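Peer 1: Mind looking over this structure? Questions follow.
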Amino acid sequence: MVDNIWTEFARSYDAICSQLNCYRRMAAKVLRDTVGRKYIIDAGCGTGLLSQPLVERGHTVVGFDNNPAMLGLALGKQARAPEEARRRWKVLEGDVRTFPRGVPGEADAVLLNNVLFYVREPEQVLRQCLEHLKPGGVVIATGPRQRPDLRKVMVNSIEEWKAEGRWDEPLQAATAYHVDVTRRLVTDPNEMVTFFEPDALVDTLRRLGFSHALAADSDDYYGENYYVCMAR
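Right, dumping it as structure tokens:
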């Protein structure tokens, strides 16, 4: 497993992302585009923040990650889930460039939520998705279009929190820590290496063998992120 800046992120990831309206809007798209898709692979699942609501909705989810701190939080959520949900939720150690052997194929969907930006070989990951999807299955990929404007995201988020009466001391403290770690991430050329415009990602997926886009936009995180859902 890889012990890196994501180990520090694990301390605040759930506390902040679960409260960000921009994250919630993105997650709502994932839930929209996985309706009726029984088996989902959450590649680079992090803390299981997306896996958990999918399992709670009745999906079978296999998630994997290569950071021990993030993976530990996902394993904790899986362990605390009701027994019936635990049977449908597997959490593994693994790298998105070569999916773990314990990940079955014939998936209805593969999620790559904020994953491709830290991979220097994105097509290798996308080929893994293609190989693990059944015909008609979809890959859902989100991520930054360019090196993110952290100030833009946080200023807009804080304004929304204040308007909703949620900008309390615990959230302020968690945000201060999270922003410090995020600033180091977005300024480190070795940590963020791959960016996509939605049309470019659609073209890449089509060239690799995917058939057609079900969604492709750059609305998320106040215009900083792309969202692409493409069928095999």
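Using the numbering used here, read the sequence shown as starting at 2 and increasing by one per residue.
We put the beta carbon where it would ideally sit given N, CA and C, even for glycine.
Since the model is a prediction, treat every value here as computed from it, not as a measurement.
Measuring CA to CA, which of 74, 36, 69, 66 is closest to residue 57?
Peer 2: One-based indexing of the sequence shown puts residue 57 at position 56. When only C-alpha atoms are compared, the closest one is 36.
Peer 1: How big is the Cα-Cα spacing for residue 41 and residue 61?
Peer 2: Start at 1 with the first residue of the sequence shown, and residue 41 comes out as number 40. Start at 1 with the first residue of the sequence shown, and residue 61 comes out as number 60. Using only the alpha carbons, I get a separation of about 6 Å.
Peer 1: Verify whether the separation of the beta carbon atoms of residue 231 and residue 215 is less than 8 Å.
Peer 2: Position 230 of the sequence shown, counting from 1, holds the residue named residue 231. Position 214 of the sequence shown, counting from 1, holds the residue named residue 215. Result yes, Cβ atoms of residue 231 and residue 215 sit closer than 8 Å.
Peer 1: Rounded to whole angstroms, what is the Cα-Cα separation between residue 32 and residue 55?
Peer 2: Position 31 of the sequence shown holds residue 32. Position 54 of the sequence shown holds residue 55. Taking the straight line from one Cα to the other gives about 7 Å.
Peer 1: Which residue wins for smallest C-alpha separation from residue 149, given the options 97, 221, 92?
Peer 2: Looking up residue 149 in the sequence shown gives position 148. Of the listed residues, the one whose Cα sits closest to residue 149 is 221.
Peer 1: Whose C-beta lies closer than 6 Å to the C-beta of residue 197 among residues of the same chain, with five residues either side of it excluded?
Peer 2: Taking the first residue of the sequence shown as position 1, residue 197 is located at position 196. Around residue 197: 227.
Peer 1: In this structure, how does DSSP classify residue 21 when only helix, strand and coil are distinguished?
Peer 2: The residue labelled residue 21 in the question sits at position 20 within the sequence shown. Three-state result, residue 21: coil.
Peer 1: Does the separation of the CB atoms of residue 116 and residue 166 fall below 8 Å?
Peer 2: Taking the first residue of the sequence shown as 1, we reach residue 116 at position 115. Taking the first residue of the sequence shown as 1, we reach residue 166 at position 165. Cβ atoms of residue 116 and residue 166: not closer than 8 Å.
Peer 1: On the three-state DSSP scale, how would you describe residue 73?
Peer 2: For the purposes of this step, residue 73 is identified with residue 72 of the sequence shown, where counting begins at 1. Residue 73: helix per DSSP, three-state reduction.
Peer 1: Residue 79 to residue 73, Cα distance in whole Å?
Peer 2: Here the question's residue 79 lines up with position 78 in the sequence shown. Here the question's residue 73 lines up with position 72 in the sequence shown. Using only the alpha carbons, I get a separation of about 10 Å.
Peer 1: What would DSSP say about residue 213, mapped onto helix, strand or coil?
Peer 2: By 1-based counting over the sequence shown, the position of residue 213 is 212. Three-state DSSP puts residue 213 in a strand.
Peer 1: Near residue 91, what residues of its chain come up, given a Cβ to Cβ distance below 6 Å and the 5 sequence neighbours on each side ignored?
Peer 2: As a working mapping, residue 91 is identified with position 90 in the sequence shown. Cβ within range, chain order: 63.
Peer 1: Given this structure, state the Cα-to-Cα distance separating residue 96 from residue 13, to the nearest angstrom.
Peer 2: Counted from its first residue, the sequence shown places residue 96 at position 95. Counted from its first residue, the sequence shown places residue 13 at position 12. When rounded, the distance between both Cα atoms is 22 Å.
Peer 1: Should the region 123-142 be regarded as contacting the region 157-174, the criterion being three or more beta carbon pairs within less than 8 Å?
Peer 2: Cβ pair count under 8 Å is below three, so no.
Peer 1: Along the chain, where does the beta strand (DSSP E) containing residue 50 start, and where does it finish?
Peer 2: Residue numbering aside, residue 50 sits at position 49 when the sequence shown is read from its first letter. Looking at the DSSP string, residue 50 is not in any beta strand (DSSP E), and its letter there is neither H nor E.
Peer 1: Within a Cβ cutoff of 8 Å, which residues of the same chain sit near residue 187, ignoring the five residues on either side of it in sequence?
Peer 2: Position 186 of the sequence shown holds residue 187. So the list reads 148, 149, 151, 193, once near-sequence residues are dropped.
Peer 1: When you compare each of 175, 189, 144 to residue 20 by their alpha carbons, which one comes out closest?
Peer 2: The count along the sequence shown starts at 1 and reaches residue 20 at position 19. Checked all of 175, 189, 144; the closest Cα to residue 20 is 175.
Peer 1: Return helix, strand or coil for residue 158, following the three-state DSSP convention.
Peer 2: Translated into positions along the sequence shown, residue 158 becomes position 157. Looking at residue 158 - three-state DSSP - the assignment turns out to be helix.
Peer 1: Identify whether residue 193 lies in helix, strand or coil by the three-state DSSP scheme.
Peer 2: Along the sequence shown, one-based indexing puts residue 193 at 192. Looking at residue 193 - three-state DSSP - the assignment turns out to be coil, as it is neither helix nor strand.
Peer 1: Shortest alpha-carbon distance to residue 81 belongs to which of 39, 49, 68?
Peer 2: Looking up residue 81 in the sequence shown gives position 80. It is 49 whose Cα lies nearest to the Cα of residue 81.
Peer 1: In angstroms with no decimal places, state the Cα-to-Cα distance between residue 122 and residue 70.
Peer 2: Along the sequence shown, read from residue 1 onward, the residue named residue 122 stands at position 121. Along the sequence shown, read from residue 1 onward, the residue named residue 70 stands at position 69. Rounded to the nearest angstrom, the two C-alpha atoms are 24 Å apart.
Peer 1: Please report the distance separating the alpha-carbon of residue 219 from that of residue 29.
Peer 2: Here residue 219 refers to the residue found at position 218 when the sequence shown is read from its first residue. Here residue 29 refers to the residue found at position 28 when the sequence shown is read from its first residue. Taking the straight line from one Cα to the other gives about 15 Å.
Peer 1: If I follow the unbroken alpha helix (DSSP H) through residue 224, where does it start and stop?
Peer 2: Here the question's residue 224 lines up with position 223 in the sequence shown. Residues 221-224.
Peer 1: So, with DSSP's three-state summary, where would you put residue 229?
Peer 2: The residue given as residue 229 occupies position 228 in the sequence shown. Of the three classes helix, strand and coil, the one that applies to residue 229 here is strand, per DSSP.
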